[in-house]
Amino acid sequence: MKFATWNVNSLSIRLPQVLEWLAANPVDALVLQETKLTDDKFPTADFGAAGWQSQWFGQKTYNGVALITREPASAVVKNIPGFADEQARVIAGTVAGVRVIGGYFPNGQAPDSDKFVYKMAWLDALRAWLATELAQHERLVLMGDFNIAPEDRDVYDPVAWAGQIHCTPEERAQFQQLLQLGLVDAFRLFEQAPKSWSWWDYRNLAFRKNQGLRIDHILVSEALRGRVQACTIDKQPRRNERPSDHTPVVVELAD
DNA sequence: ATGTCACCTGGTAGGTGA
Numbered sequence: 406m407k408f409a410t411w412n413v414n415s416l417s418i419r420l421p422q423v424l425e426w427l428a429a430n431p432v433d434a435l436v437l438q439e440t441k442l443t444d445d446k447f448p449t450a451d452f453g454a455a456g457w458q459s460q461w462f463g464q465k466t467y468n469g470v471a472l473i474t475r476e477p478a479s480a481v482v483k484n485i486p487g488f489a490d491e492q493a494r495v496i497a498g499t500v501a502g503v504r505v506i507g508g509y510f511p512n513g514q515a516p517d518s519d520k521f522v523y524k525m526a527w528l529d530a531l532r533a534w535l536a537t538e539l540a541q542h543e544r545l546v547l548m549g550d551f552n553i554a555p556e557d558r559d560v561y562d563p564v565a566w567a568g569q570i571h572c573t574p575e576e577r578a579q580f581q582q583l584l585q586l587g588l589v590d591a592f593r594l595f596e597q598a599p600k601s602w603s604w605w606d607y608r609n610l611a612f613r614k615n616q617g618l619r620i621d622h623i624l625v626s627e628a629l630r631g632r633v634q635a636c637t638i639d640k641q642p643r644r645n646e647r648p649s650d651h652t653p654v655v656v657e658l659a660d
């Protein structure tokens, strides 16, 4: 069983690349972030023609998430229940007996900004809801663009980024609190190449210089830990023409 | 290197967000 996450930075622009990637990587579920599409514009017919089911939840210009699956997802939830939010950031569904939650975590902009306050409130609400989801679903995967680099080894220049957005102690503490719910960072279950990133800025030739961050993550519940066979970052789509600035992360679980 | 990309409004560019 395989699950993946990809921030596509506009599904209108990236749809051909997503379909191409799915054809080469037939995962059981793929969660997308930053679709930037209102619900009436979601290309469910294009996914359907390629043999994929889709669930989606979007808005104009910003944010927007989707859950692409081979088999239909059940018990679909959009955004965090009980947390009033105008921004479309969460989609969840049950796939092959696994609760799959896709999230586009707030960016936070800067540690002294209103957007950072929102990011912290959103993370608090996510954690409270996840506790109830974990109580109901022993097998759970939380994946997406977390906009948090959990440790210095997830940052190409940790000195320059110290205290900056994605790297603040507050964000890293939130990440640890997610783990304390009974989740594990699948990528770190394995020995990985140093300087493994999931995002590279479009500017400064960052990809060519491999100056990136690991901010896209797949967390699995303790019940799934023993089933994780691999977790990899697929850099290939970042080499495409007109790439997203993020690249997919994939986890493989034993059936 | 405030160096790119995507999308909006409202227009033949400029602002916002990432």
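For reference, each letter of the first sequence is one residue, going 406 to 660 in the numbering used here.
Note that beta-carbon positions come from the ideal geometry of N, C-alpha and C, so glycine has one too.
Where Q582 is concerned, there is no enclosing beta strand (DSSP E), although the alpha helix (DSSP H) around it starts and stops at 574-585.
The alpha-carbon separation between A536 and V564 amounts to approximately 34 Å. With distances taken between CA atoms, F510 lies nearest to T410 out of T410, T499, V656. From the listed residues W461, P516, E657, T573, the smallest Cα separation to L624 is found for E657.
Taken through DSSP and simplified to helix, strand or coil, E556 comes out as coil.
Looking at the DSSP output, N484 shares a beta bridge with no other residue. Where G453 is concerned, the enclosing alpha helix (DSSP H) starts and stops at 449-454. Around the C-beta of S518, fewer than 16 other C-beta atoms lie within 10 Å, and the residue is accordingly described as exposed.
Scanning its chain for C-beta atoms nearer than 7 Å, with the 5 sequence neighbours on each side dropped, one finds around V482 the residues A497, in chain order. Annotated three-state conformation of Y467 is coil, per DSSP.
Closest option to L528, judged by alpha-carbon separation, among N430, S626, I620, I485: I485.
With a beta-carbon spacing of about 7 Å, Q460 and A471 fall inside the 8 Å limit used to define contacts. In the structure shown, Y523 adopts helical secondary structure according to DSSP, grouped into three states. For S415, the three-state secondary structure derived from DSSP is coil.
Secondary structure at R504: strand, using DSSP grouped into helix, strand and coil. Here DSSP, grouped into helix, strand and coil, assigns F510 to coil. For the set P599, D433, A659, T499, the Cα lying nearest the Cα of V633 is the one of A659. Of the residues assessed, E476 falls on the exposed side of the cut-off, its CB having fewer than 16 other CB atoms within 10 angstroms. In its chain, beyond the 5 residues on either side, I570 have a beta carbon closer than 6 Å to the beta carbon of A515.
The beta carbon of W534 lies closer than 8 Å to those of I485, P486, G487, F488 in the same chain, with the five residues before and after it left out.
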